[in-house]
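Protein chains in written order, with this note's numbering: chain R, 1 to 335; chain E, 336 to 670; chain W, 671 to 1327. Every residue gets a Cβ at the ideal spot worked out from N, C-alpha and C, and that includes glycine. Below: one structure, written as structure tokens.
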Amino acid sequence: MNWSDWAQNFLVVAGIGFVVWIVMHGSRSDRWQRAWSRLRRDKVGIVAGLAIALYLAIGALEMIQIPTGSGGSATILALLLRGIPAEDTYSAPLASTSFSLAKPKPLHGRHLLGTDALGKDVLVQTLRACRTALIIGGMTSAIYIPLGTLFGIFAGYFRRWIDDVIQFTYTVLYSIPEILLLISILLVLGEKSLGKMSLALSITAWVSLCRLIRGETMRQTERPYIAGARALGQSHWNIIIHHLLPNVMHLVLINLVLGFSNLVLAEAMLSYLGVGSPIGTASWGNMIDGARGELSREPAVWWTLTSATAALFGLVLALNLLGDSLRRAFDPKRG
Amino acid sequence: MFNYLLRRLLYAPLIIAGVMFITFLLFFVVQKPETMARNILGKRATPQTTYDWLHKRGYDKPLFFNVGQTRSAPDGHPFASRGLFDTVFFNQMWKLATFDLGVSDVSGRELNEVFREGALPSLLLMLPAYVAGFFMATGLALYLVFVRNSALDAAGVFVCVALMSIPAMVYIIFGQAVVALSLNYFPAFGFELKDWSSMRFLLLPVSLIVVMNLGHDTRLYRAVFLEEIGQDYVRTAQAKGASNSRLLLVHVLKNGMIALITFVVAHLPLLILGSLLVENFFGIPGLGNLLINAIHTSDLAVVRATTFLTSILYIIGLTVTDICYALVDPRIRLS
Amino acid sequence: MKKIPNFRARSLVGALGVCLLSACSNDPHSAPLHTLRPDGSPWVVRYSYLPDEVRSLDPQVSYDMVSRMVLEPVQDCLLEYHVMKTDPYEVVPCLLAAMPERTLNADGTVDYLCKLKPGVLFHDDPCFGRPGREVVAGDIHFSFQRMCDARNACPVFANLAEYVAGMKEAAEAAKANGGAFDYDTMKVRGVEVLDAHTFKLHLLQPYPQILYWMAMHFTAPVAREAVEYYDGKEHAGEPGTRPLFKFHPVGNGPFQIVEWKRGQRFRLVRNERYHTTVFPSGGWPPERAAVDAPLAGHALPLVDEVQLSIFRELLPIWLLTRQGYLDRMGVQKDAVNSVVTSASELAPEYAARGMKLEKAVEVSTFYMSFNMQDPLLGQNKKLRQALSCAYNPQGFIDLLYGGVAPVARQLVPPGVFGFQKDFQNPYGFNLEKARRLIAEAGYPDGRDPKTGQPLEITMDTVAAGAEERQLAEYEQRQLEQVGVRVRVIENTFARMTEKLDQGNFQIGAGSGWGADYPDPENFFFLFTSTNFPPAGQNTSRFKNAEYDRLFAQMATMENSPERLELVKKMNALLIEECPIILHFNKAYYLISQPWAPLTHLNMMLEGGFKYLPIDQALREKKRHEWNPVSRWPLVAALGFVGAALGCGIYVNRSRNV
């Protein structure tokens, strides 16, 4: 655990703090309070929210380091799970010998979800991968949400050349196939790391948010209260911070939740293309990527794929459902 | 109207220029042409053969501006310069602008020919998938709107979200393992373009693409239709006593279609690119597969040309969509 | 828009699906060109694969394994490896009527007198105006000229020009001429054409390895008509452009290319007029006699058509082999280890199918490189030795090669002169010794005594896929057994090359060398000080005067006890200095189908297709057995869709009326 890991963890905590801040900040407005009262009655949304909280908790356990004496340190999750022994190679869930027709060897312990090629417990790997997913989602969001929101508001509010420049930039970025852009940026950045992956993802992710916010801002600026504020001689900055921002914040929140799910899926995709998480990082994408070869074995190794897919599916599903619920809560007519 | 059209058309070349600049930056900064040459020429490449390779492709020139710096041959023989703009960047841009895509860096084949060959398999894969997917998603979305606000609707939306939450690779791995290998219905791999029997290569990939996109599209279309249902004219029709099914199939479908078709048209040109993952998994020699291999073998010429073509296609789609919108909805012309 | 017959349309699609399925098959191959031969006997096809697209089929240019796999059946060389003799490997005449006659001249130069077999014909091709003409000595001279032509960028020009007289001069002449090589005037002095079938090769100094070069396609005859005809340009009266020569080689081998679908497939068809070689009448190992003896003296090739599909990934190869659609596969990477049991036997399920398993060791050695110019590793021999002792290649081999590849204990692989069967690497895996050595190196328990922290070493690797990532992790864990910390840096292939070129790394994982020819010179040259990157392959940047001196002495000697002594000395020196961690000799299992018995296992050949027979009737039968199609899942799926629809319609009715 070096400084970059700390920085990553810090950014994620900052990201979560940011979300809390958005919610706290927004909760003062009527719209948010109405939405909250609707959300409370939405059972699906509540369950999804709880599920996300669970993922966050597991991820947090893997992020926080505590010293273990003798100068080293380990994450809480690692300490909790340290009783699980390592094996040499594959073993099936709950099997008592390693998974091989050739030389089945007795195992050191039982593994609920089996072990992978290097004998690591799949359940542990799956849980540890929560951190990777959260770092990718959290760090990327922490970069692209402020950028997308501000640029969107600027473009929609100031119009003219600012709008032209911002529109031009995102149309150019949007015209390049997303995967190509991601891969080439990651290749330029060199040595793999989660931070770089977040950076690349945020370069492509801000575009859609920016477009959304720009449109909404344009609609808002035509409303009388903005004209009123302007007539009263309020500064641009004041108008943006006190009038526009609160009125688009709910869109940001919805986009954040739905975008998070896309980022988690994107990590899996990039890992498949060989520009994903670095070696030694537990990640669902890496696990699914390995499954191609594993499934072709005789008999097939299915548990890695299944565990990773299930965990990934759970998080993405919960995020999508919560996003839907939020949308419904904020805009009952359209949801 | 004419003004609007003109503006859109003038905007397009600007965007393309922007795209070309970014791709050039990304792909010539990624790795030096020398490195690429050595990879391609193999284990016994000498400085001389490397230089010849570079020289043949014009990669021995300066990158942006030719202000006297020369990269000379091992024997000290500088390249023949033709002025300030005789550089890799400007030569590349000029070639692309005149639709001379050049030759592949790895195989040395004419790219115009390569793309022509790859476009057909990609279209054969994507077009049926797109059309079938469109009709299925529209049908399902209409159905969900039909039974809106019921448990069936909620379940349908949940299934859609669930379908969206599964990574594309998992669909493909599963489809290949079960349908092609356990059931022996289709070839697990390969492609041939001859007669109707070639269908056997396409049915499985096409259905996989349909299923992959079904959740997302259905949810989107459902939202569009629901929006339509909230419009005044629907209420008027309802007041006049139109039945639910008539309301949906006549009014809502017709008006919703306009929104959908513009959405669909924008993506139509991009179909020619095929699908990176599906083509790669099933060995379909389309442009998607070409691109993945180009990335793996660092064939920059191919990647560059693909990016260029895609952005042009995308911008064509975008412009056509804008024009469609303008024709359908006169309000847009004013802005 | 009227009512959409939504439900009816869907059931129609379903019905159509059923029809299609019943007409469908899972055969991934293209239909053969014919079903019967002109004489009424069945047309026999072999289905094989290539791991990648072919870049060039120009005999003087192609240097990668994939291109060779296609060139070998198409283009015969002057000599060829005896298909049965593999320990040691042996070259025998192919296009030549006999082995070249060597004369040593007084001035130190050497001549080889070569006689071509008369009546060998090029493939029929429009460039000859249809029927192919006879191969003559002038074609060999033309090939050497093409190697000297810088525009062709022949990758081995520098190697051959060192020895063959006149090659450098010819290249110089072209350079003086503005880079244009004039094939009429710029002759290569070293290839002297005596008559239509006889030529003499002049060497500047003794170079016994020249015989191996004669078994490579660089020196194979090329028809000048073909090169001039296939120019990649448009010609009046012809549709489209002619392909370039490198995409349309005109060979003289047992097969002719009739179709090349880019990125997909090659289709090779028997050359009806091929008589250059026949199936050997002896030399096979006893265990193959049952298959080989009946074929002795048989005309080649043994099949009428070869389809080479391009499979870039391993998975489809295994899948299609399992279904019986490929006639042979190499089980190399990936996790097919459960196909093979610990006793190196096929798993019972596949053995029962009649599949056969063989072990094939390539003439190659793989290793990890230490950077000898690194301030830490380069100066500390004990540290390198300690790391070498800490590393257990066996686990890697078990993971990657299903345990089949032998651990490399010396630089040269088996089958090459100088390989010592019972040699033990003193710095092979031995954890106790590793711990002792690292303490002697000044880092007890792998910790830096000054800081008390573990020593940190970086390892650069290329990790593209999931398996590579696992392997890198394995390597890291192994090296960390002595207490040091290893940081793995993943690179793209290009960046890795760049780092190796610049010497910008500490440990480089995954270096290796596959032999051009089975001679110790082709391995020991790797670590000479004149062979530094980027021009050379000495990625370790190992520089040792004694080693260089021994190499100069050993390189061009004839195989003899003295040469063996020198090889042993060099090997011991290299291992003591430890610029590399020896890893393994690449190897894999070959699984051959019951209808495609393996007649040979010669790793210097790229497949040797002309020697491989197929029992087509048996294949048809087995394929049918192995691919049963069950209909119930389809019926169940349709039933499910129908039920869902019915349910939906019911709900609607009850709501809507």
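Check	Outcome
So, at 6 Å on beta carbons, what are the nonlocal neighbours of R/Ala-354 in its own chain, with the 5 sequence-adjacent residues on each side left out?	With chain R running from 1 to 335 in the structure shown, residue 354 of chain R is simply not present.
Please identify the residue among E/Arg-343, E/His-586, E/Ile-596, E/Ser-610 whose C-alpha is closest to the C-alpha of E/Ile-564.	E/His-586
Is it buried or exposed for R/Leu-263, if we count other Cβ within 10 angstroms and need 16 for buried?	buried
Buried or exposed: R/Trp-237, going by 16 or more other Cβ atoms within 10 Å of its Cβ?	exposed
So, under 8 Å CB-CB, R/Leu-322 and R/Gly-49 are touching, yes? Tell me the CB distance rounded to an integer number of Å.	6 Å
Answer with buried or exposed for E/Ser-442, where buried requires no fewer than 16 other C-beta atoms within 10 angstroms of its C-beta.	buried
Below 6 Å CB to CB, which residues in the same chain sit around E/Ala-408 once its five sequence neighbours on both sides are set aside?	The predicted model places E/Ala-408 with a pLDDT of 48, which falls under 50 and marks its position as unreliable, so this point remains unresolved.
Just reading off the beta strand (DSSP E) that W/Leu-1260 is part of, what are its end residues?	1257 to 1262
Please identify the residue among R/Ser-261, R/Leu-305, R/Thr-132 whose C-alpha is closest to the C-alpha of R/Gly-114.	R/Leu-305
Listing by chain order, which chain W residues have their CB less than 8 Å from the CB of R/Glu-62?	Within 8 Å Cβ-Cβ: nothing; R/Glu-62 doesn't reach chain W, min ~18 Å.
Of all the residues that make up the region 473 to 488 of chain E, which are near chain W by a beta-carbon distance shorter than 7 Å?	Gly-474, Tyr-478, Phe-481, Val-482, Leu-487
With a CB to CB cut of under 7 Å and the five nearest residues on each side skipped, what residues in its chain are close to R/Glu-87?	Ser-98, Leu-107, His-108, Thr-115, Gly-119
What residues from chain R crowd round E/Val-496, counting only those whose CB sits closer than 8 Å?	Leu-317, Asn-320, Leu-321, Asp-324
Measuring CA to CA, which of R/Ser-307, R/Leu-251, R/Ile-279 is closest to R/Ala-35?	R/Leu-251
Just list the residues that DSSP pairs W/His-872 with in beta bridges.	W/Asp-781
Can you tell me whether W/Ser-951 is buried or exposed? The criterion is at least 16 other CB atoms within 10 Å of its CB, across all chains shown.	exposed
Can you tell me which residues form a DSSP beta bridge with W/Gln-934?	None; W/Gln-934 has no bridge partner.
What residues of chain E sit near W/Phe-981, judged by a beta carbon separation below 9 Å?	Phe-524, Gly-525, Gly-618
Which residue comes first and which comes last in the alpha helix (DSSP H) that contains W/Trp-713?	It is not in any alpha helix (DSSP H) - W/Trp-713 carries neither H nor E in the DSSP assignment.
Would a check of beta-carbon distances place R/Thr-171 closer than 7 Å to chain E?	yes
Taking Cβ-Cβ distances shorter than 7 Å, what residues in chain W pair up with R/Ala-117?	Leu-1069, Gln-1140
Which term fits W/Gln-1331, buried or exposed, when burial requires 16 or more other beta carbons within 10 angstroms of its beta carbon?	Only positions 671 to 1327 of chain W appear in the structure, and residue 1331 of chain W is not among them; the question remains open.
Going by DSSP, what residues sit across from W/Val-861 in a beta bridge?	W/Leu-871
Could you check the C-alpha separation between W/Ala-1307 and E/Phe-617 for me, to the nearest Å?	23 Å
Taking the alpha helix (DSSP H) that W/Arg-772 belongs to, which residues open and close that run?	Element bounds for W/Arg-772: not the alpha helix (DSSP H) but the beta strand (DSSP E), 771 to 774.
Please determine, among R/Leu-245, R/Gly-274, R/Ser-235, the residue with the shortest C-alpha to C-alpha distance to R/Gly-156.	R/Leu-245
If you measure from the beta carbon of W/Ser-692 to each beta carbon in chain E, is any gap under 7 Å?	Any reading at W/Ser-692 needs caution, since the residue's pLDDT is 46, under 50, leaving its predicted position unreliable; the model's value is listed next. No, W/Ser-692 lies away from the interface with chain E (no Cβ there is under 7 Å from its Cβ).
Does DSSP put W/Glu-929 in a helix, in a strand, or in coil?	strand
State yes or no: is the C-beta of E/Gly-353 within less than 7 Å of the C-beta of R/Val-165?	no
Take every Cβ of the region 1137 to 1147 of chain W, pair it with every Cβ of the region 1114 to 1124 of chain W, and state whether three or more of those distances are shorter than 8 Å.	no
Compare the C-beta of W/Leu-989 with all C-beta atoms of chain E and state if any pair is closer than 7 Å.	yes
For W/Ala-846, count neighbouring Cβ atoms within 10 angstroms of its own Cβ and tell me buried if that reaches 16, exposed if not.	exposed
In whole angstroms, give me the CA-to-CA distance for W/Gln-1263 and W/Val-761.	29 Å
Taking 7 Å as the CB-CB cut-off, is W/Ala-1136 touching chain R?	yes
Given a limit of 9 Å on CB to CB distance, which residues of the region 174 to 201 of chain R reach chain C?	Any reference to chain C falls outside this structure, whose protein chains are R, E and W.
Going by CA-CA distance only, name the one from W/Glu-832, W/Val-780, W/Thr-855 that's closest to W/Gln-815.	W/Thr-855
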